[in-house]
Ligand SMILES: Nc1ncnc2c1ncn2[C@@H]1O[C@H](COP(=O)(O)OP(=O)(O)OP(=O)(O)O)[C@@H](O)[C@H]1O
Ligand SMILES: Nc1ncnc2c1ncn2[C@@H]1O[C@H](COP(=O)(O)OP(=O)(O)OP(=O)(O)O)[C@@H](O)[C@H]1O
Ligand SMILES: O=C(O)CCCC[C@@H]1SC[C@@H]2NC(=O)N[C@@H]21
Ligand SMILES: [Mg+2]
Ligand SMILES: [Mg+2]
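Chains as they are written, first to last, in the numbering used here: chain P, -8 to 172; chain X, 614 to 818; chain C, 27 to 279; chain W, 27 to 279.
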């Protein structure tokens, strides 16, 4: 119980720490950021439920006004900005990544978690992100989807990294990879 | 970014945390609504004055924490100079500096326990319907704790590296740092458990 | 059933301070503690043994942070690993490494936390924190960031945090190792006078000199167990003999 | 110019082991080391002082991990804070807390790292790592995960990693505090015989008994400086007198 709690808090802090890596602002208001790597890792390492909880914890503090999003942003205002869809999608992305990592055990962990990170952090997350952008920027779903291709190369790299890190951690500290306990 | 401790005890440490947070919330909303460069200059000046009020040591600590924003300010400046809208750029940069500056001010002058008391108060409806909010309160406390502690541990790690290497840290530090973070979480879990942790009965008040 | 006998449901005032029956613990496939059986009523219990003998692991078991894979363990009749709420008032632990113990960023929050966990109100906890700091002449530490304390200062802070909670039994894992001489002397007197039962782990036989009972662990097993005078003299003799060998390679572990 | 004199560009075989001229260090606005001036040629230098006196901070300065805000510091003529490549062969440090020193997850990686950084080839480094482990009778530790070592075992590992690099001067921050008696005795003999210059920080005057020079720090200032016999007896007398007071609140810091 205490272990789960500490690890959830740690991963929420990890997302915040990744926010220190400078984001790259794009004209339509959704930045390229390293923080979605943190979201993927929450899922692949902590598993579906705890991973989603870690992301929710992070979002709660962002909503409280702590400047934890890349570039030192925070506050309730973000949840009505172009980036809102992504923020809402974050916990579900972690959940999806965790769900797949937990269940897909027939391939090596590195591959399973890499694919899981891609499904959660790209497929699921983009679905929410595009919807959010379409609403806030008053664009059609197709137009918004087109804008979002700018994220693909970066997010593919993040998914690979998530797979590598998860596998390395499983070797060094198997007990910490809650998604596979 | 959230480092909770201030080098000196200020008068603001005694103010109620809820009021400080509410004011911060309101101030941030105003900042985002304001579109005038003059007003933003005034707001930023006021923010600096708040930092200066408790004295030189506090001001220096506060400015050091704001300094990490310079890449963003630089990026915004370059971008808006290229696009030919320097005034917009100045507004965005100032708004960011003021907003982060104020948020840091609140965190620097508010004890973690006071911050959590606010969350606890906000979560009152959950307890009314019989849910325990203890885990939530602890999770927030721990998350806020991890950020500065990880920075500190990272400092120790890069120091250890420098004692044995003429060059600075490289990518090989990633895994050691990850393990260090995980181990720290394990130690926190133990330390927490040793003092009652989430046990029912512990800390129900 | 043995288990039931060793771990009655209620805190029992007649139950022995420590009661271990055939306790074993394996970590990552390594037998770290091997069928320990021991029952102690004494108020001052010392634990000695070489590096890697299993002392800190035993400390964790006594504090209820780990559950034995075999056997049963209780402290004043409380099954400390299971009944965590009761364990809080029964046993406290000072970790060997202060960095493993400190959770919060400032000195007063660290002491305060345990008190709040015990159910004290905000005001009561604050009062007791202040009193504790004052008693140790450290009032000026109150809001100080823990990160700026020296190693010995951190150790003292950890000790204050444990003592403030006033549990019936305190496990001290090398409490004096990083402290300066005056602090060590004064703290020894303070601990000697403390009402709690102490389980004190140390590499320094002198620190355990007046103890009623000393347990010598060796490779996870009970090597000797008895009054301080007897066990410590046998221990010291063997350690010095081992240390006298000129072969650096005969180090523990 | 004083600075130039105190820190000549080349490693100078006649330069004193330690050369501090008016060294001050302020951390977060607090004066932690206050205009220290000291020049030492001795091969065995001890440092004593109360908790929070600034011993570990001085150790970091000597190891070149921190730069003095005022004054100049050199080790065997090397400006250790600036000239990191040379510093590596000149000075090594054993941190007070092994957790602050260990970087890598396995024992052999940890020892190997420093050797590789010194420019040894892969094979040479591996050979020296194996030899070091063997010399201390710890060959079986080679691939072991550091996380499973006990505190004392970690301390020993840190020491092996420093010794393997064979720097001219080694700063030891309480190297013996967590070690068992035999290890302590054997290591003391081993260190006594080591060719390196030692700067040994300790709370235990006995550990510094035979030293040629002992420095007593107090509140970041040089309190006394001279041969071990003289400084240690004054130090011990004052410490025991302080410790004899019945007032627990007279603790350091
Ligand atoms: N997770 C683990 N996996 C395998 N072995 C472990 C693990 N944790 C501890 N050990 C081993 O158990 C033994 C006992 O460790 P412990 O920390 O209890 O020793 P100790 O008596 O406290 O030593 P010290 O005097 O150095 O503090 C050690 O040999 C250690 O290597
Ligand atoms: N970052 C910092 N900011 C402010 N004060 C600091 C900082 N780091 C250390 N100090 C203070 O400097 C003093 C010296 O610390 P140092 O760790 O050098 O002591 P020490 O002599 O090694 O003590 P010990 O015997 O307990 O290890 C302490 O009082 C400590 O509180
Ligand atoms: O900082 C924020 O406002 C949250 C931004 C969310 C950005 C999304 S996450 C998926 C996609 N990949 C990126 O690099 N950025 C977007
Ligand atoms: Mg131990
Ligand atoms: Mg020190």
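Just so it is clear, CB atoms sit at the ideal spot from N, CA and C, and this is done for glycine as well.
Quick check on DSSP: helix, strand or coil for residue 57 of chain C? strand
Determine, for residue 801 of chain X, whether the minimum Cβ-Cβ distance to residues of chain P falls below 8 Å. yes
CA nearest to the CA of residue 65 of chain W, picked from W:263, W:43, W:118 and W:97: W:43
According to the Cβ coordinates, are residue 201 of chain C and residue 185 of chain C closer than 8 Å? yes
Using a Cβ-Cβ cutoff of less than 7 Å, which residues in the same chain neighbour residue 801 of chain X once the five nearest sequence positions on both sides are dropped? 755
Starting from residue 243 of chain C, follow its DSSP beta bridges and name the residues at the other end. C:75 and C:248
In chain order, each beta strand (DSSP E) run of at least 3 residues that lies wholly inside the stretch 89 to 149 of chain P: none
Should residue 52 of chain W be flagged as near chain X, meaning a C-beta pair shorter than 8 Å? no
Could you run through the stretch 766 to 777 of chain X and flag, in chain order, every residue whose CB is less than 8 Å away from some CB of chain W? 769, 770, 772, 773, 774, 775, 776 and 777
Taking 7 Å as the cut-off, is the beta-carbon of residue 199 of chain C closer than that to any non-hydrogen atom of ligand 4? yes
Anticipated Cβ contact below 8 Å, residue 59 of chain P with residue 52 of chain P, distance rounded: 6 Å
Here's a check: name, in chain order, each residue in its chain whose Cβ is nearer than 7 Å to the Cβ of residue 134 of chain W, leaving out the five neighbours to either side. 155, 168 and 169
Using a C-beta cutoff of 8 Å, does residue 138 of chain P count as contacting chain X? no
For residue 746 of chain X, which residues from the same chain have a beta carbon less than 6 Å from its beta carbon, with the 5 sequence-adjacent residues on both sides left out? 736, 739 and 740
Whose C-alpha, out of P:124, P:91 and P:96, is nearest the C-alpha of residue 111 of chain P? P:91
Do residue 58 of chain W and residue 119 of chain W have their beta-carbon atoms positioned less than 8 Å apart in this structure? no
Taking only beta-carbon atoms, is residue 268 of chain W less than 8 Å away from chain C? yes
Under the criterion of a Cβ to heavy atom distance below 7 Å, does residue 82 of chain W qualify as lining ligand 4? no
So, residue 264 of chain C versus residue 69 of chain C, is the Cβ gap smaller than 8 Å? no
Residue 129 of chain C in three-state terms, based on DSSP: coil
Residue span of the beta strand (DSSP E) that contains residue 223 of chain C, given as start and end: 223 to 227
Taking the C-alpha atoms as reference points, what is the distance between residue 28 of chain P and residue 757 of chain X? 20 Å
In this structure, what does DSSP give as the bridge partners for residue 119 of chain C? C:197
Can you tell me whether residue 177 of chain W sits near ligand 4, meaning its C-beta is under 7 Å from at least one heavy atom of the ligand? yes
Beta-carbon contacts of residue 113 of chain P that lie in its chain and below 6 Å, excluding the five residues immediately before and after: 146
Helix, strand or coil: which one does DSSP assign to residue 697 of chain X? coil
Per DSSP, what are the beta-bridge partners of residue 70 of chain C in this structure? C:224
Taking the DSSP output, what are the residues bridged to residue 23 of chain P? P:15
Could you tell me which of X:622, X:621, X:630 and X:626 sits nearest to residue 734 of chain X, measuring between CA atoms? X:630
Quick one: list the residues of chain X neighbouring residue 3 of chain P, beta-carbon separation under 7 Å, in chain order. 756
If I follow the unbroken alpha helix (DSSP H) through residue 233 of chain W, where does it start and stop? Where residue 233 of chain W is concerned, there is no enclosing alpha helix (DSSP H), given that its DSSP letter is neither H nor E.
With DSSP run on the structure shown, which of helix, strand or coil describes residue 779 of chain X? coil
Measuring alpha carbon to alpha carbon, tell me which residue in X:781, X:803, X:762 and X:810 is nearest residue 794 of chain X. X:762
So, with DSSP's three-state summary, where would you put residue 109 of chain C? coil
Can you give me the start and stop residues for the alpha helix (DSSP H) that residue 7 of chain P sits inside? -7 to 9
With the cut-off set at 8 Å, would you say residue 97 of chain W and residue 146 of chain W are in Cβ contact? no
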